[in-house]
(Lines of atoms letter the chains of each structure in order from A; the text may use other names.)
(Lines give C-alpha, C1' and ligand atoms only; values in the text may rest on other atoms or scores of the structure.)
Protein backbone atom coordinates (compact mmCIF):
# COMPACT_ATOMS: atom_id res chain seq x y z
CA UNK A 8 0.00 0.00 0.00
CA UNK A 9 1.22 3.45 -0.72
CA UNK A 10 1.25 6.73 1.14
CA UNK A 11 -1.82 8.93 0.62
CA UNK A 12 -1.25 12.67 0.43
CA UNK A 13 -3.48 14.88 2.56
CA UNK A 14 -5.71 17.16 0.47
CA UNK A 15 -5.99 20.78 1.66
CA UNK A 16 -9.33 21.13 -0.19
CA UNK A 17 -10.82 18.03 1.51
CA UNK A 18 -12.77 18.07 4.74
CA UNK A 19 -10.94 17.82 8.04
CA UNK A 20 -12.53 14.43 8.69
CA UNK A 21 -11.33 13.09 5.31
CA UNK A 22 -7.77 14.24 6.03
CA UNK A 23 -7.96 12.83 9.55
CA UNK A 24 -9.06 9.48 8.12
CA UNK A 25 -6.22 9.53 5.57
CA UNK A 26 -3.69 10.42 8.28
CA UNK A 27 -4.90 7.42 10.31
CA UNK A 28 -4.53 5.13 7.29
CA UNK A 29 -1.00 6.46 6.69
CA UNK A 30 -0.12 5.90 10.34
CA UNK A 31 -1.48 2.35 10.45
CA UNK A 32 0.41 1.49 7.27
CA UNK A 33 3.63 2.90 8.71
CA UNK A 34 3.88 5.79 6.27
CA UNK A 35 4.74 8.41 8.86
CA UNK A 36 8.35 8.40 9.89
CA UNK A 37 9.18 5.94 7.16
CA UNK A 38 12.78 4.93 7.31
CA UNK A 39 15.60 4.28 4.92
CA UNK A 40 18.67 2.24 5.80
CA UNK A 41 21.88 3.77 4.50
CA UNK A 42 25.40 2.39 4.29
CA UNK A 43 28.72 3.84 3.15
CA UNK A 44 28.00 2.66 -0.39
CA UNK A 45 24.98 5.03 -0.45
CA UNK A 46 27.05 8.11 0.43
CA UNK A 47 26.54 10.91 -0.39
CA UNK A 48 22.76 10.54 -0.15
CA UNK A 49 20.25 13.27 -1.01
CA UNK A 50 17.40 13.55 1.50
CA UNK A 51 13.95 13.15 -0.04
CA UNK A 52 15.39 12.10 -3.40
CA UNK A 53 13.59 8.82 -2.69
CA UNK A 54 10.05 10.24 -2.86
CA UNK A 55 9.36 8.97 -6.38
CA UNK A 56 6.81 6.41 -5.12
CA UNK A 57 4.98 9.04 -3.07
CA UNK A 58 6.09 7.69 0.30
CA UNK A 59 7.98 10.22 2.40
CA UNK A 60 11.19 8.99 3.93
CA UNK A 61 11.83 10.99 7.06
CA UNK A 62 14.09 8.76 9.17
CA UNK A 63 17.55 7.88 7.87
CA UNK A 64 19.17 5.03 9.83
CA UNK A 65 22.84 5.09 8.92
CA UNK A 66 25.20 2.16 9.38
CA UNK A 67 28.68 3.65 8.93
CA UNK A 68 30.60 0.51 9.91
CA UNK A 69 32.02 0.23 6.36
CA UNK A 70 32.86 3.94 6.04
CA UNK A 71 31.65 7.48 6.64
CA UNK A 72 28.21 8.52 5.36
CA UNK A 73 27.17 11.95 4.10
CA UNK A 74 23.48 12.85 4.14
CA UNK A 75 22.85 15.94 1.99
CA UNK A 76 19.91 18.11 2.99
CA UNK A 77 17.85 19.75 0.23
CA UNK A 78 17.66 23.50 -0.37
CA UNK A 79 15.61 24.72 2.54
CA UNK A 80 13.44 27.27 0.81
CA UNK A 81 11.86 24.78 -1.56
CA UNK A 82 9.45 21.87 -1.58
CA UNK A 83 9.01 19.77 1.54
CA UNK A 84 11.63 21.68 3.52
CA UNK A 85 9.78 24.97 3.00
CA UNK A 86 6.59 23.23 4.13
CA UNK A 87 8.18 22.35 7.48
CA UNK A 88 8.80 18.64 6.96
CA UNK A 89 11.35 17.24 9.41
CA UNK A 90 14.26 14.86 8.90
CA UNK A 91 15.69 12.48 11.50
CA UNK A 92 19.23 11.15 11.00
CA UNK A 93 20.46 8.31 13.25
CA UNK A 94 23.87 6.62 13.50
CA UNK A 95 23.18 2.96 14.24
CA UNK A 96 26.67 1.45 14.49
CA UNK A 97 29.49 1.59 17.04
CA UNK A 98 32.33 2.23 14.57
CA UNK A 99 34.48 5.34 14.65
CA UNK A 100 33.15 6.39 11.22
CA UNK A 101 31.04 9.51 11.13
CA UNK A 102 27.59 10.25 9.77
CA UNK A 103 27.50 13.84 8.54
CA UNK A 104 24.36 15.79 7.68
CA UNK A 105 25.33 18.55 5.25
CA UNK A 106 23.32 21.72 4.60
CA UNK A 107 22.74 22.88 1.02
CA UNK A 108 24.94 25.68 -0.35
CA UNK A 109 25.41 28.48 2.18
CA UNK A 110 22.63 27.24 4.47
CA UNK A 111 23.53 26.04 7.95
CA UNK A 112 22.42 23.49 10.53
CA UNK A 113 22.31 25.24 13.89
CA UNK A 114 24.90 27.74 12.66
CA UNK A 115 27.29 25.23 11.09
CA UNK A 116 27.43 23.89 7.51
CA UNK A 117 27.37 20.30 8.85
CA UNK A 118 26.12 18.26 11.77
CA UNK A 119 28.29 15.28 12.72
CA UNK A 120 27.02 12.15 14.47
CA UNK A 121 29.96 10.14 15.79
CA UNK A 122 28.61 7.74 18.43
CA UNK A 123 26.23 4.81 18.21
CA UNK A 124 22.64 5.93 18.76
CA UNK A 125 23.42 9.59 18.10
CA UNK A 126 20.56 11.22 16.23
CA UNK A 127 19.16 14.61 15.33
CA UNK A 128 15.76 15.83 14.21
CA UNK A 129 16.04 18.74 11.78
CA UNK A 130 13.54 21.23 10.35
CA UNK A 131 14.09 24.20 8.04
CA UNK A 132 12.98 27.63 9.18
CA UNK A 133 13.69 31.09 7.77
CA UNK A 134 17.16 30.66 6.25
CA UNK A 135 18.68 27.69 8.08
CA UNK A 136 18.08 24.19 9.39
CA UNK A 137 17.26 23.98 13.08
CA UNK A 138 17.96 21.07 15.41
CA UNK A 139 14.68 20.26 17.15
CA UNK A 140 16.24 17.57 19.24
CA UNK A 141 19.37 15.46 19.37
CA UNK A 142 20.87 12.62 21.37
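In this note's numbering, the protein residues as written are 8 to 142.
Don't be surprised by glycine CBs; every beta carbon is placed ideally from N, CA and C.
For clarity, every value in this text was computed on a predicted model and none was experimentally measured.
Terminal residues of the continuous alpha helix (DSSP H) containing residue i?
i: residue 84; result: 82-85
Roughly how many angstroms lie between the CA atoms of residue i and residue j, to the nearest whole one?
i: residue 140; j: residue 129; result: 8 Å
i: residue 48; j: residue 108; result: 15 Å
i: residue 77; j: residue 83; result: 9 Å
i: residue 102; j: residue 88; result: 21 Å
i: residue 85; j: residue 43; result: 28 Å
Can you name the start and end residues of the beta strand (DSSP E) that residue i belongs to?
i: residue 135; result: 135-141
i: residue 62; result: 62-66
i: residue 112; result: No beta strand (DSSP E) contains residue 112, which DSSP labels as neither H nor E.
Please classify residue i: does DSSP put it in a helix, a strand, or coil?
i: residue 104; result: strand
i: residue 96; result: coil
i: residue 42; result: strand
i: residue 49; result: strand
i: residue 70; result: coil
i: residue 123; result: coil
i: residue 79; result: coil
Can you find the residues in the same chain that come closer than 8 Å, C-beta to C-beta, to residue i, ignoring five residues on each side of it along the sequence?
i: residue 138; result: 112, 113, 118, 127, 128, 129
In chain order, what residues of the same chain lie with their CB nearer than 6 Å to the CB of residue i, ignoring the 5 residues before and after it?
i: residue 66; result: 42, 95, 96
i: residue 93; result: 64, 126
i: residue 106; result: 76, 112, 116, 136
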